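Novice: Just so you know, we're using the working numbering here: the sequence shown kicks off at 1 and counts up by one. Here's a structure for you.
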Amino acid sequence: MINKCILPWTLIAAAVLFESHAHAAEPVTSAIPGVTAGGVKIELIKDGFNGTEGPIGLPDGSLIFTETQAERITRIFPDNTVVSFLEHSNGANGLAFDADGALYAVQVLKPKVGIIYPVGKEKTLAEDFEGTPFQRPNDLVLDHHGGVYFTDSGTRATPENPNPPKSNPGVFYISPEGKLTRLASDIDRPNGIQLSKDEKTLYVANTLGEHVLAYDITRPGEIGNKRHFAKLAGWQETETGWSSGADGLAIDDKDRLYVTSNAGIEVFDQDGKPLGVIPIPKKPQNLAFAGKDKKTLYVVGRGAAYKIPVLTPGYLGRAK
């Protein structure tokens with residue numbers, strides 16, 4: 001016969017044990033000096049978005065990112081409220097703001113680079129290079145002169161399209177006057193792109209490479225001294241071959257570089273020394289600092305959005 005007095009306590013104990021295991025399974029940060037305290041919860045804001053790319057902070061502390069497949073730009077407020085910011089985005093991927101608040105985007109449905117907001121002020125800046133149409137513009141960053149550095153990842157074989165057109169990946173620059181220049185054409189799959197605080201170094205993520213690349217900027221729109229800046233822990237053999245999964249890039253106010261990769265978020269100092277990895281439940285695609293003090297790191301990838309409190313704010317000199 002079951003002791004009826006013992007049964008409730010057994011159920012309570014089981015519930016406590018289940019809850020403790022659930023809490024233990026919650027993703028938390030690793031301790032990285034100056035970057036993250038250890039054991040801090042990595043908060044899931046929402047899962048199930050239709051594509052997740054291009055996050056960037058707004059002055060009011062909110063953040064926007066692109067649902068590329070839904071042709072939508074979505075906004076997240078500090079209290080985790082999620083609303084639509086802009087519809088019919090032409091598959092916007094990476095985003096950047098200029099000093100006047102115009103929103104620039106690389107766009108993938110009809111591949112081009114241009115201004116997509118404010119509504120009524122849209123403008124195409126470039127859609128081909130020397131007559132060859134762009135294939136998949138991926139990410140961008142603006143310098144303080146108003147010039148646009150951006151990547152085109154080219155084409156790749158997929159189950160739906162096993163024989164795509166010949167890939168023409170590249171890194172490009174659009175001057176404030178509108179002149180388009182190709183800066184590099186020798187990167188397998190250029191993806192995320194970022195500037196150092198002083199805009200003397202250009203960083204490029206190569207999804208199919210083992211290293212983040214760096215270039216000296218000799219003058220706006222001119223680069224040299226290509227080098228391996230940082231070796232990625234995410235370098236691994238995948239179903240489609242070897243890849244680091246290197247994608248979005250961001251810098252903090254101490255000029256540390258944050259890289260999304262197969263390993264999570266990899267953090268490097270100004271010299272490319274690895275400082276640590278922040279694990280993310282789903283493979284991250286891009287990231288940005290936001291919040292009024294820019295001390296919240298937002299991470300998006302595989303349909304999910306997360307946020308992480310950090311010790312050093314993102315760079316305050318530009319939106320991203």
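Each residue gets a CB set at the ideal place from its N, CA and C atoms; glycine is no exception. Remember, predicted model here, so these are calculated numbers, not experimental data.
(1) Could you compute how far the alpha carbon of A229 sits from the alpha carbon of E266?
(2) Measure from the alpha carbon of T29 to the alpha carbon of each residue in A288, G291, P281, then state which is nearest.
(3) Which runs of the beta strand (DSSP E) fall wholly inside the stretch 211-240 and span at least 3 residues, in chain order?
(4) Assign S84 to one of two classes, buried (16 or more other C-beta atoms within 10 Å of its C-beta) or exposed (fewer than that).
(5) Report the residue from L297, L311, V310 whose alpha carbon sits nearest the alpha carbon of S62.
(6) Is it buried or exposed, G291, if we count other Cβ atoms within 10 angstroms and call 16 or more buried?
(7) Less than 8 Å between the C-beta atoms of T68 and V113, yes or no?
(8) Tell me E177's beta-bridge partners as DSSP assigns them.
(9) Work out the CA separation of F268 and L275 for me, nearest whole Å.
(10) When you compare each of G178, P27, E122 to H145 by their alpha carbons, which one comes out closest?
(11) Compute the Euclidean distance between the alpha carbons of V171 and E239, then round it to the nearest angstrom.
(12) For N225, is the classification buried or exposed, using 16 other Cβ atoms within 10 angstroms of its Cβ as the cut-off for buried?
(13) Under a three-way DSSP split, which group does Q107 fall into?
(14) Kindly identify the DSSP beta-bridge partner or partners of Q194.
(15) Might you give, ordered along the chain, the residues of its own chain that have their beta carbon closer than 6 Å to the beta carbon of Y315, omitting 5 neighbours on each side?
(16) Would the beta-carbon of G317 fall within 8 Å of that of L249?
(17) Measuring alpha carbon to alpha carbon, tell me which of V35, E43, G51, D216 ends up nearest G303.
(18) Buried or exposed, going by whether 16 or more other CB atoms sit within 10 Å of the CB of K110?
(19) Whose C-alpha, out of D293, K283, T312, is nearest the C-alpha of V300?
Specialist: In terms of the structure at hand:
(1) The amino acid at residue 229 is misidentified as Ala; the sequence shows Phe. Answer to the nearest angstrom: the Cα atoms are 13 Å apart.
(2) Closest option to T29, Cα to Cα, is P281.
(3) The stretch 211-240 contains these whole beta strand (DSSP E) runs: 211-219, 222-231, 236-238.
(4) The residue is exposed, with fewer than 16 neighbouring Cβ atoms inside 10 Å.
(5) Restricting attention to L297, L311, V310, the CA atom closest to the CA of S62 is found in L297.
(6) G291 should be labelled buried.
(7) Taking a C-beta distance under 8 Å as the contact criterion, T68 and V113 do not qualify as a contact pair.
(8) DSSP output for E177 lists no bridge partner at all.
(9) Rounded to the nearest angstrom, the gap between the Cα atoms of L275 and F268 is 5 Å.
(10) Of all alpha-carbon atoms in G178, P27, E122, the one lying nearest the alpha-carbon of H145 is that of G178.
(11) One Cα belongs to V171, the other to E239, and the distance between them is close to 27 Å.
(12) N225 comes out exposed.
(13) DSSP places Q107 in strand when its eight states are reduced to three.
(14) Bridge partners of Q194: Y203.
(15) Sequence-distant Cβ neighbours of Y315 in its own chain, meaning closer than 6 Å and more than five residues away, are K197, I251, D253.
(16) When the beta-carbon positions are compared, G317 and L249 stay at least 8 Å from each other.
(17) Cα-wise, what sits closest to G303 is G51.
(18) By the Cβ neighbour-count rule, K110 is exposed, with fewer than 16 other Cβ atoms within 10 Å of its own.
(19) For V300, the nearest C-alpha among the options comes from K283.
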